[in-house]
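Protein chains in written order, with the working numbering: chain A, 2 to 341; chain B, 64 to 370.
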Amino acid sequence: MTQDLLEVDGLKAYYQMNYFGVEREVRAVDDITMTIRKNEIYGIAGESSSGKTSLIRVLAAAIRPPMRIVAGSVKYDFKNGPMDVATASEAQIESVRWKHLSYIMQGSMSVLNPVRRIGKTFEDFAKRPLGLSGEAYRARVLNHLERLKLPASLLNAYPHELSGGMRQRVTIGLATVCHPEFVIADEPTTALDVVVQKEVLGLIREIQQDMGSSVVFVTHDMSVHANMADRVGIIYAGRLVEEGPTRQMFYAPKHPYTAHLVASLPRIGDTAQRPALEGRPPSLANPPSGCRFHPRCPLAIDKCKTEVPPLNNVANDHRSACWRWEDVKPLVAPQQPVMA
Amino acid sequence: MTTLLDVRNVSKRFTMGGLLSRRSVEAVQDASLSLSSERPEIFTIIGESGSGKTTLARMILGLERPSGGEISFRGKMVSQRVSRQERLEFMANVQPVFQNPFEAFNPLKEIDRYLESTAKRFLKLHRQDDIDGAMDGALQKVGLSLAEVKGRYPHEMSGGQLQRAAIARALIPNPPLLVADEPVSMVDASLRMSIVNLLRSLRDDFGVSVVYITHDLATAYYISNRLIIMQRGRIVEMGDARTVLDNPEHPYSRLLKASVLSTEDAGAGKLMTDPGMAALASERMERPGSLQSRPDGRLVRVCEEAR
């Protein structure tokens, strides 16, 4: 119990809408059970409209109607006491936000207020949770900027004066200045160039190891997960379909969807034809019966169309929701590093 | 051998500011490349944001006039002002594919309306049967069909499907050249390969040349025949895609390759870039130099002092 920081149990979060008497229900998060340990980077992968953003909204305790937690619990074990997102009061959520539970957002241009200097934005974010004022607060912020290798003069700059990579580093700084125990990073590097992306990823990892906090890292780019995550969970159509240690996920996947994701990555030094997955991601308002992947699955059998496969242990620390997990063959073999 | 597209010593300078505080930015400096019309190929332009790759593409499309040098398509100058008739003819031959398919389509109109107006304008078709035939033909090439697309709005399709529909729109006038500006960077990783494979099949099966602009070295290696690597408006390395990427010579190309996240050591958490490499790449940028050819056919920018 002391190892786990977050325990999600049977979580169902639906968008329930009622337009002119027509009810519509979108099951964005459908029965997800997972735990996130202390001091690890947990990667969440999935296509757009797979429900990964809804899941992290729930984890971040930022649930707004029409989304609602229908069943299950999201239990945090913070230093200042446990909290269940499903039942927590506004005041309780307020008391952990930024200090214990923090969020690195995607488009850094829309996060930072364009008419406020960075220093002011830092004050808005951090002054109250830190509970410091005057010199002590200033010292803390400057110390943190130094750790992120950002110049102190940055506090006087406006967002438009900074490059994309710089801005993303500022948002990382904002999210981590209070030394939170749990950080959610939602596609923080998607809009960045390769060189900058690597720097930013390295920074997040360094800060994480420095603070010993847990990071949930969300992106659809598997090559980022390969280099960042300790464990990876794959979300497909609102369900967790496979979860395991990063290396096993890449070289011994136990779900056909994971095997496909890994196999479709192009690599320098290899020009063999890459398979592309047929079909389109299912609609969450009307998901397929049984296993939700069966219409696109190369291994599907009749059972897959009617029965939902449970998420079972298939190896040490490795879970998969597939009836035929034993038949899943990794489509890529580990190679010697091509780039010396 | 006839040339399809010839870009010769093209530069583009943007000036900013008013009378007193004038600044100018060299977006593209002295770029040259040429595509032959006999052998369709995928020609990749690699660079980071601010490297001038999109400006170069806009000049090829005739959307931007070069400040120096000339661009010609099938022997005719692109950069000159021409009559509306000639402009339409040129547009039918060189078609763009944009980065974000959700922005390329009008969200309030059915997808086939955009395809239909392209067919009417460039193919001069008037009978509905002919228009439908042209649309269906183009959609078939990208693995869709008119029945699937007709009457649907952009939000009803996935990003991958919509990008394929955007490519189908570009294919309606049967152009010999497509200019695709980061066509996969907004598409999910799982659908990315379907777009990249599509570009490949356009080249192999339909003989369409593609100018493919990207910052993703892995897909560039996968599909392109030749490539150029741009840094701050300058071409730093140019040549056969495999030759260059297997063993890049210019420090900036080496830095780019080293920054590609590989899955080889998945889980090992290696994220350090050699700081010396980045320093060398940016230091080289300031110095004057020229493109030198190498025995394996590539061109590399070499600094004058370093020789």
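In this text, a Cβ means the ideal position worked out from N, Cα and C, and glycines have one as well. Fair warning: this is a prediction, and the values are worked out from it, not measured in the lab.
The residues Ala14, Ala29, Val30 and Met68, in chain order, have a CB closer than 7 angstroms to that of Ser55 (chain A) in the same chain once the five nearest residues on each side in sequence are set aside. Taking the Cβ atoms as the reference, Ala61 (chain A) lies roughly 7 angstroms from Leu102 (chain A), within the contact range of under 8 angstroms. Contact with chain B is found for Ala227 (chain A), since one of that chain's Cβ atoms lies less than 7 angstroms from the residue's Cβ. The Cβ neighbour count for Lys100 (chain A), taken over all protein chains shown within 10 Å, is at least 16; the residue is labelled buried. Within the same chain, Cβ atoms closer than 8 angstroms to the Cβ of Thr306 (chain B) are found at Asp359, Gly360 and Arg361, the five residues on either side in sequence being excluded.
DSSP places Tyr159 (chain A) outside both helix and strand once states are collapsed to three, so it counts as coil. Taking 8 angstroms as the cut-off between beta carbons, the residues of the segment 180-204 of chain A near chain B are Asp194, Val195, Val196, Val197, Gln198, Lys199, Glu200, Leu202 and Gly203, in sequence order.
Looking at the DSSP output, Asp244 (chain B) shares a beta bridge with B:Ile276. By a beta-carbon distance limit of 8 angstroms, His256 (chain A) contacts Ile235 (chain A). Their separation comes to about 7 angstroms. Within 7 angstroms of the CB of Asp222 (chain A), the CB atoms of chain B belong to Ala252, in sequence order along the chain.
With respect to chain A, the C-beta atom of Glu111 (chain B) has a partner C-beta closer than 7 angstroms. For Gln93 (chain A), the enclosing alpha helix (DSSP H) starts and ends at Glu91 to Val97.
Between the segment 176-187 of chain A and the segment 120-129 of chain A there are three or more inter-stretch CB-CB distances shorter than 8 angstroms, so the stretches are counted as touching. A Cβ-Cβ distance of about 14 angstroms is found for the pair Cys323 (chain A) and Pro331 (chain A), leaving them out of contact under the 8 angstroms criterion. As DSSP reads the structure, Met68 (chain A) sits in a beta bridge with A:Tyr16.
The beta-carbon of Met256 (chain B) is placed less than 7 angstroms from the nearest beta-carbon of chain A.
Among the CB atoms of chain B, one or more fall inside 7 angstroms of the CB of Ser49 (chain A).
Val299 (chain B) and Leu266 (chain A) have their C-alpha atoms roughly 27 angstroms apart.
In the displayed model, Phe185 (chain B) falls within a helix according to three-state DSSP. Annotation: the segment 295-369 of chain B contains the following complete segments of the beta strand (DSSP E) (minimum length 3 residues), in chain order: 297-303, 352-356 and 362-366. For Ile119 (chain A), the enclosing alpha helix (DSSP H) stretches over residues Ile119 to Leu131.
Sixteen is the threshold: when 16 or more other Cβ atoms of the shown chains lie within 10 Å of the Cβ of Thr181 (chain B), as they do, the residue is buried. Under the three-state reduction of DSSP output, Asp194 (chain A) falls in the coil class, being neither helix nor strand. Three or more Cβ pairs closer than 8 angstroms define a contact, and the segment 200-207 of chain A falls short of that threshold against the segment 273-285 of chain A. Under the Cβ criterion of 7 angstroms, Phe251 (chain A) is counted among the residues facing chain B.
With its beta carbon at least 7 angstroms from every one in chain A, Thr66 (chain B) lies outside the interface. Asp271 (chain A) is bridged by DSSP to A:Arg268. Rounded to the nearest angstrom, the gap between the Cα atoms of Glu312 (chain B) and Leu124 (chain B) is 30 angstroms. Contact with chain B is found for Pro282 (chain A), since one of that chain's Cβ atoms lies less than 7 angstroms from the residue's Cβ. In this structure, DSSP gives Phe161 (chain B) a state outside helix and strand, which the three-state scheme calls coil. Taking 7 angstroms as the threshold, the shortest C-beta distance from Ile269 (chain A) to chain B falls below it.
According to the DSSP secondary-structure assignment, Asp69 (chain B) is paired through a beta bridge with B:Ser97 and B:Ser135. Thr88 (chain A) and Leu312 (chain A) do not touch by the CB rule: their CB atoms are close to 24 angstroms apart, not below 8 angstroms.
Short of 7 angstroms from the beta carbon of His278 (chain B), and not among the five residues preceding or following it, lie these beta carbons of its own chain, in chain order: Ile109, Gly110 and Glu111. Distance from the CA of Ser51 (chain A) to the CA of Ala238 (chain A), rounded to the nearest whole angstrom, comes to 4 angstroms. Thr247 (chain A): member of the alpha helix (DSSP H) spanning Thr247 to Tyr252, first to last residue.
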